[in-house]
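Residue numbers (our numbering): 129 to 403. Report on the following structure.
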């Protein structure tokens with residue numbers, strides 16, 4: 129079977145537990161699979177190379193472009209289409225089949241990017257009800273670019289773009305999900321979201337940057353951006369309205385964890401006002 133005319137770029141740092149499954153899920157199906165590694169201190173780069181991926185070392189210079197835009201600018205630029213895949217994500221048969229349908233006719237007009245749903249796993253279980261998110265993971269790099277948001281000095285994010293989407297003049301949607309299945313222990317989730325909450329709290333004290341981010345967030349993110357009492361709203365939305373209770377204990381734990389994340393942001397923001 130012919131390979132899809134897409135370059136898969138996998139930005140990584142210390143994804144040793146996850147990278148093999150990410151690479152093997154796409155290898156042989158796409159024209160190129162490139163791991164862009166930020167000098168991991170574990171065996172991420174070694175494992176990726178052994179699995180058959182090309183490995184490029186990346187060093188951030190502290191400015192723009194950040195890592196994902198750098199991938200759009202430098203990874204296999206002979207291919208217009210690029211799929212950005214996190215180190216703890218993988219592509220399943222359903223999405224592969226759908227992509228083959230989309231790219232069956234190379235001459236057919238296509239939007240500048242595609243939003244793809246995320247199949248989220250938490251504490252070892254696939255969440256099917258409480259959490260829905262779509263990522264603009266597949267882009268035509270000639271018609272799409274990440275915004276240069278003024279948060280270079282913000283804590284918690286660093287080399288990778290924050291929680292905002294690349295900007296495209298036209299966007300399509302795919303039905304089958306990218307599977308986000310982090311094999312790291314749940315403590316890694318809390319450590320990561322602790323850093324994210326530093327960034328979100330920083331935004332609360334920089335309204336001009338916060339507005340930049342709001343404009344380039346997903347529609348769901350923009351709506352939640354305006355909600356009062358975010359920890360309570362988050363839990364009620366995920367656990368009750370989106371029926372997260374149907375996912376059992378994992379659904380409750382995840383709704384509570386996300387509510388705690390929103391509370392962290394609010395608490396850190398209030399603390400910042402008194403410093």
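Note that CB positions come from ideal geometry on N, CA and C, so glycine has one too. Quick caveat: nothing in here was measured; it's all calculated off a predicted structure.
Contact check, residue 326 vs residue 283, beta carbons under 7 Å: Working through the chain shown from its first residue, we reach residue 326 at position 198. Working through the chain shown from its first residue, we reach residue 283 at position 155. Note that the C-beta distance between residue 326 and residue 283 is below 7 Å.
Nearest candidate by alpha-carbon position, reference residue 142, set 304, 169, 132: For the purposes of this step, residue 142 is taken as residue 14 along the chain shown, with counting starting at 1. When each option's Cα is compared against that of residue 142, the closest is 169.
C-alpha gap between residue 255 and residue 147, whole angstroms: Locating residue 255 in the chain shown gives position 127, counting from the first residue. Locating residue 147 in the chain shown gives position 19, counting from the first residue. Between residue 255 and residue 147, the C-alpha separation is close to 21 Å.
Coarse secondary structure for residue 183, derived from DSSP in three states: Residue numbering aside, residue 183 sits at position 55 when the chain shown is read from its first letter. Residue 183: strand per DSSP, three-state reduction.
Enclosing beta strand (DSSP E) for residue 152 [first to last residue]: Within the chain shown, numbered from 1, the residue matching residue 152 stands at position 24. Premise fails: residue 152 lies in the alpha helix (DSSP H), 147–154, not in any beta strand (DSSP E).
Residue 151 to residue 251 span [Cα, whole Å]: As a working mapping, residue 151 is identified with position 23 in the chain shown. As a working mapping, residue 251 is identified with position 123 in the chain shown. Roughly 22 Å between the two C-alpha positions.
Residue interval of the alpha helix (DSSP H) (run including residue 338): Position 210 of the chain shown, counting from 1, holds the residue named residue 338. Here the alpha helix (DSSP H) through residue 338 covers 335–343.
Beta-carbon proximity check, residue 239 vs residue 298, cutoff 7 Å: Translated into positions along the chain shown, residue 239 becomes position 111. Translated into positions along the chain shown, residue 298 becomes position 170. Yes, these two residues count as a Cβ contact at 7 Å.
Residue 361, DSSP secondary structure in three states: Counted from its first residue, the chain shown places residue 361 at position 233. If DSSP states are grouped into helix, strand and coil, residue 361 belongs with the helices.
Endpoints, beta strand (DSSP E) assigned at residue 158: For the purposes of this step, residue 158 is identified with residue 30 of the chain shown, where counting begins at 1. Residue 158 -> beta strand (DSSP E) spans 158–165.
Nearest to residue 131 (by Cα), restricted to the options 301, 154, 335, 324: Here residue 131 is taken as the residue at index 3 of the chain shown, counted from 1. Of the listed residues, the one whose Cα sits closest to residue 131 is 154.
Pair within 7 Å by beta-carbon distance, residue 140 and residue 187: In the chain shown, counting from the first residue as 1, residue 140 sits at position 12. In the chain shown, counting from the first residue as 1, residue 187 sits at position 59. Contact: no.
Contact check, residue 301 vs residue 243, beta carbons under 7 Å: On the chain shown, position 173 is the one that residue 301 refers to. On the chain shown, position 115 is the one that residue 243 refers to. Contact flag set, yes.
DSSP-derived helix/strand/coil call for residue 288: Within the chain shown, the letter at position 160 stands for residue 288. In this structure, residue 288 counts as coil in the three-state DSSP scheme.
Residue nearest to residue 175 in terms of C-alpha spacing, selected from 214, 315, 145, 193: For this step, residue 175 is matched to residue 47 along the chain shown. Measuring from the Cα of residue 175, the nearest candidate turns out to be 145.
Straight-line Cα distance separating residue 363 from residue 384: Numbered from 1 along the chain shown, position 256 holds the residue referred to as residue 384. Numbered from 1 along the chain shown, position 235 holds the residue referred to as residue 363. Straight-line Cα distance between these residues: approximately 6 Å.
Segments assigned alpha helix (DSSP H), at least 4 residues, entirely inside the segment 204–243: 221–230
Buried/exposed call for residue 229, threshold 16 Cβ in 10 Å: The sequence position of residue 229 within the chain shown is 101, counting from 1. It is exposed - the Cβ of residue 229 has fewer than 16 other Cβ atoms within 10 Å.
Spatially closest choice to residue 220 from 245, 386, 236, 235, by CA coordinates: The residue labelled residue 220 in the question sits at position 92 within the chain shown. The residue with the shortest Cα to Cα distance from residue 220 is 245.
N- and C-terminal bounds of the beta strand (DSSP E) containing residue 267: Residue 267 sits at position 139 when you count from the first residue of the chain shown. Run containing residue 267: 262–268, per the beta strand (DSSP E) assignment.
Residue interval of the alpha helix (DSSP H) (run including residue 299): By one-based count along the chain shown, residue 299 stands at place 171. Run containing residue 299: none in the alpha helix (DSSP H); it sits in the beta strand (DSSP E), 299–301.
Short Cβ contact (7 Å threshold) for residue 445 with residue 163: Here the chain covers residues 129 to 403 and nothing more, so residue 445 does not appear.
Sequence-distant residues of its chain with Cβ nearer than 6 Å to residue 275 (five each side left out): The residue given as residue 275 occupies position 147 in the chain shown. The answer, listed in chain order, is 295, 344.
Bridge partner(s) assigned by DSSP for residue 250: Taking the first residue of the chain shown as 1, we reach residue 250 at position 122. DSSP, once it has assigned bridges, lists 253 as partnering residue 250.
DSSP three-state assignment for residue 315, whether helix, strand or coil: The sequence position of residue 315 within the chain shown is 187, counting from 1. Helix at residue 315.
6 Å Cβ shell around residue 371 - same chain, five flanking residues per side excluded: By one-based count along the chain shown, residue 371 stands at place 243. Here the set comprises 257.
For residue 332 and residue 393, the rounded distance between their alpha carbons: Position 265 of the chain shown holds residue 393. Position 204 of the chain shown holds residue 332. Put simply, the backbone Cα of residue 393 is about 9 Å away from that of residue 332.
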